[in-house]
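So for the sequence shown, full-length UniProt numbering puts the first residue at 1; every next one is plus one. No residue lacks a Cβ here, since even glycine has one placed at the ideal position from N, Cα and C.
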Amino acid sequence: HLVWWKERLQTCKKPSTLQLIERLMYTNLLGLDPNLRNGSLKDGNLNWEMLQFKSRFPREVLLCRVGDFYEAIGIDACILVEYAGLNPFGGLRSDSIPKAGCPVVNLRQTLDDLTRNGYSVCIVEEVQGPTPARSRKGRFISGHAHPGSPYVYGLDHDLDFPEPMPVVGISRSARGYCMISIFETMKAYSLDDGLTEEALVTKLRTHHLFLHASLRHNASGTCRWGEFGEGGLLWGECSGKNFEWFEGDTLSELLSRVKDVYGLDFRNVNVPSKNRPRPLHLGTATQIGALPTEGIPCLLKVLLPSTCSGLPSLYVRDLLLNPPAYDIALKIQETCKLMSRVTCSIPEFTCVSSAKLVKLLEQREANYIEFCRIKNVLDEVLHMELVEILKLLMEPTWVATGLKIDFETFVNECSDTIGEMISLSHQNVSKIPKEFFYDMESSWRGRVKGIHIEEQVEKSAEALSLAGEIAYAREHESVWFKGKRFTPSIWGGTAGEDQIKQLKPALDSKGKKVGEEWFTTPKVEVALVRYHEAAKARVLELLRELSVKLQTKINVLVFASMLLVIAKALFAHACEGRRRKWVFPTLVGLSPYWFDVASGTAVRNTVDMQSLFLLTGPNGGGKSSLLRSICAAALLGISGLMVPAESACIPYFDSIMLHMKSYDSPVDGKSSFQVEMSEIRSIVSQATSRSLVLIDEICRGTETAKGTCIAGSVVECLDTSGCLGIVSTHLHGIFSLPLTAKNKAMGAENVEGPTWKLTDGVCRESLAFETAKREGVPESVIQRAEALYLSLECHSIGARELPPPSTVGSSCVYVMHRPDKRLYIGQTDDLEGRIRAHRAKEGLQFLYLMVQGKSMACQLETLLINQLHEQGYSLANLADGKHRNFGTS
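Right, here's the structure in full:
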């Protein structure tokens, strides 16, 4: 454990922290040097007591309540100074142990700072109440704060719970990567096996990471398994996190380690499924906006109304990242269809975090706010008129929670147990003036029924009523004796004088005398204090008793809370889908998901995909948008949600893979082309006849000739697998390769620009210069680019010259300038031989253009003949312009 803490301390950078670290001694878990001031670990002192707590949770920062502060010493003090922005106690004096802390009121801010930086915290509280003389205050561990699981001891207000963060273990086998997620709050774990590297990185969100030794096996023999080939993406993700290596059986060893940390047993929440699609790759998830990505329209924002966020949004996100099995997707779709046709009023759908529910009940810290929410959850389930929808939601909830509950049992278990204790009716207790009890009890009245309170406060209230003739001062919220001129002018031992002598002027909250007519007595003040303490203690006791009772039904409560989260998410999606005129899943009239069709801003396309096809088109012509749209529509369809189309028929894919542009990865030393090839490897190895593969501008990061051949080979491989998909490209040489894939194009017009419509055929017009001009590139730069393009593409051959060796074996289009001022346009794969044949006559000059493939040369020959003729040039072979028909679409 000390080695673990040393590694953490090595990352500290603040000068004040570094000075504190120099005073540590690594002979005990606190890091205290007994030779320094206040460093004694003598049995029974506070340091010794803190060491006992630290030994129970050695990898958590220990905060101990001491009076009005929470204090940390040794190693923990260094962590507080580094990450919580706190100053050391006593400054930086070198003769004292490191010590730091925060006031009680700043505890939650300090915990947030520590958990945000990945640390777990153990909090030790003092036992409240009087302490006998010459004895130490009692202390106990009141709770823990982990990333995704906040501290709840003494919580008397509403607290937003973050999304739970699991402990994660990763291993690798012949089947792929295995990821085990253990949720401390829910006491549950899940296992995902056979993951690709990209899918694993998509799911990797953790605060405590364990890496199995199976990941170390690489050519270099180092822990940087991503130096060569597979694993670079995962290494880049893991290298920035704190992780530990472990060996042995992956599941049992990891559960054992986590049990040592938390002292808990865990249940398996995996739902067996044979027909579930693979989780999304990281590139796919980011490029369609399922994960927030700069510059990419967010898919979640168009699936749900802007008012629907939090837990429902998280459920939809997880549904997209991990598409459900076919039967579950059908249940979700059927539910959405029913919801879109509902005409009666619907429940509000109270959303409660399952993790928050479990932690508050188990820690017996649930306050009345949470119990009211729990009661609302059960009421909405019990009184839900939409019984058919409730039945359909049972299986999706089973998958989300791992809890299998049949419908009848679920409804019966949602009983009125909570309603017996939590009441919204106001019952009066009247011993003293009723207004006093109304105001004093308003902080808890309506939260716990009066019948449970009266028996405890009866005696205190009776003592208060016997204190004398009293009245309620509303503005001061106090019960005082009220009267004027009752003091005798001469004390003569008459009846009542002893009672009058007990009265003293009443004081307000600031210690000032209230008025001449208000009085109190020590007896009244004591009775008031006892009343407040009795009421507060009984309320707290009842709420904790209720927490204990509800723990026996925790599974039902977790199931009910998740069911309402799913119901709210699907109702919100059905409403937003109807507003956007989406349909339930030919893709006919497909539109980009980020466009609102209802406002008429989208250009729709019809996609009938029977196999893989190649897609060409100009820059800005809509190729990438089409691929994103198809990917999003297919993903929404297999998840049971509505899709942005007029109508849709979507097969149930076993995986959906979208590859867009790649960037370099300096972390693992890979260029953008290396990253692209890593993703292509994953796609090719995973593609089946039931996959959807979408690749945008393949092999853009390397030289044209070899990139074209790699692209052609990838297309052949994917086509052979039988998958559906689209590969878009600007590598027009690919069409001269012997491929069987069909060709589609995004339309373009030389004058008007792109049409954003999908058509048959090939589009070789890039509109590159037009695109650059539209984006504001200076005109002089574009004109020079056009001149360079002509000089680069077109070469001249003088009257006594021959073509260079580079033309051998290449297809060429040439223009011959005849002595009679007429032009001859031709194409050939043997330019030198053709020129020698033409030069039976002397004085001929040539211009030639090398192109990719004979078919391209034939098309350019015909195009050039027709266009030169239209511009008034005299041609010797005008008839050749009618030999072939072609279009640039």
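Taking the alpha carbon of residue i as the reference point, which residue from the options has its own alpha carbon closest?
i	options	result
Leu234	Cys812, Arg172, Ile683 and Lys259	Arg172
residue 898	Asn106, Cys64 and Thr110	Here the chain has residues from 1 to 889 only, and residue 898 is not among them.
Phe57	Phe769, Glu395, Leu658 and Val258	Val258
Gly577	Tyr26, Ser682 and Leu299	Leu299
Val715	Phe613, Phe673, Ser806 and Asp654	Phe613
Ile21	Ser94, Asp192, Ser55 and Leu46	Ser94
His212	Ser181, Ala648, Thr250 and Leu195	Thr250
Tyr652	His659, Thr688, Met677 and Pro292	Thr688
Lys742	Leu731, Gly733 and Gly725	Gly725
Gly809	Lys854, Lys42, Ile782 and Asp608	Lys854
Gly872	Val399, Arg822 and Leu849	Arg822
Phe846	Met816, Gly118 and Lys241	Met816
Arg136	Gly248, Leu80, Gly44 and Leu863	Gly44
Arg836	Arg604, Glu861, Leu868 and Pro803	Pro803
Ser345	Glu870, Leu386, Gln610 and Met856	Leu386
His730	Leu2, Leu718 and Ile695	Ile695
Ile79	Asn28, Pro103, Gln10 and His869	Gln10
Go ahead and label residue i buried or exposed: buried means 16 or more other beta carbons lie within 10 angstroms of its beta carbon, across all protein chains shown.
i	result
Gly622	buried
Arg278	buried
Phe140	exposed
Trp582	buried
Lys661	exposed
Trp48	exposed
Asn605	buried
Ser425	Because Ser425 carries a pLDDT of 39, less than 50, the predicted location of this residue cannot be relied on, and no value is offered for it.
Thr807	buried
Report all residues from its chain with a CB closer than 6 Å to the CB of residue i; omit the five preceding and five following residues, and keep chain order.
i	result
Leu330	none
Ser275	In the sequence under discussion, the amino acid at residue 275 is Asn, which differs from the Ser named in the question. Result list for Asn275: Ala325 and Tyr326, in chain order.
Leu24	Gly31
Arg628	Ile288
Met856	none
Tyr115	The sequence shown places Thr at residue 115, not Tyr. Cβ within range, chain order: Ala145 and Pro147.
Would you identify the three-state DSSP class for residue i, choosing helix, strand or coil?
i	result
Ala609	Checking the displayed sequence, the identity of residue 609 turns out to be Met instead of Ala. Coil at Met609, not helix or strand.
residue 891	Nothing can be reported for residue 891, as the shown portion of the chain is limited to 1 through 889.
Ile695	strand
His1	coil
Met421	Annotation note: pLDDT 49 at Met421 (below 50); position unreliable, no value reported.
Gly402	coil
Gly701	coil
Met642	coil
Gly192	Position check: residue 192 holds Asp in this sequence, whereas Gly was assumed. The answer is strand: DSSP assigns Asp192 an E or B state.
Ser796	strand
Cys351	coil
Phe210	strand
Glu253	helix
Pro396	helix
Val526	helix
Thr616	strand
Cys717	helix
Glu801	coil
Thr110	helix
Phe584	coil
Glu870	helix
Lys670	strand
Met562	helix
Phe653	coil
Leaving out five residues before and five after residue i in sequence, what residues of the same chain have Cβ atoms less than 8 Å from its Cβ?
i	result
Met746	Leu615, Thr616, Gly617, Pro618, Gly621, Gly622, Lys623, Leu626, Pro754, Thr755, Trp756, Lys757, Leu758, Thr759 and Cys763
His144	Phe57, Glu60, Ser120, Val121, Cys122, Ile123 and Tyr151
His573	Leu303, Leu304, Val316, Cys336, Leu641 and Met642
Cys709	Leu737
Could you pull out every residue in the same chain whose Cβ sits closer than 7 Å to the Cβ of residue i, ignoring the five residues on either side in sequence?
i	result
Val565	Leu311, Pro312, Tyr315 and Cys351
Asp654	Pro277, Arg278, Thr688, Arg690 and Ser691
Leu737	Gly712
Ala285	Thr202, Leu291 and Leu321
Taking only runs of the alpha helix (DSSP H) that begin and end inside the region 270-336, which ones reach a length of at least 4 residues, in chain order? 282-287, 299-303 and 311-321
Whole runs of the alpha helix (DSSP H) within the region 807-866, excluding any shorter than 4 residues: 831-838
Extract the residue ranges of the beta strand (DSSP E) inside the region 726-792, only unbroken runs of 3 or more that lie entirely within it. 742-749 and 753-760
Scan the region 5-89 and note each continuous beta strand (DSSP E) run of 3 residues or more that stays entirely inside, going in chain order. 61-66 and 69-73
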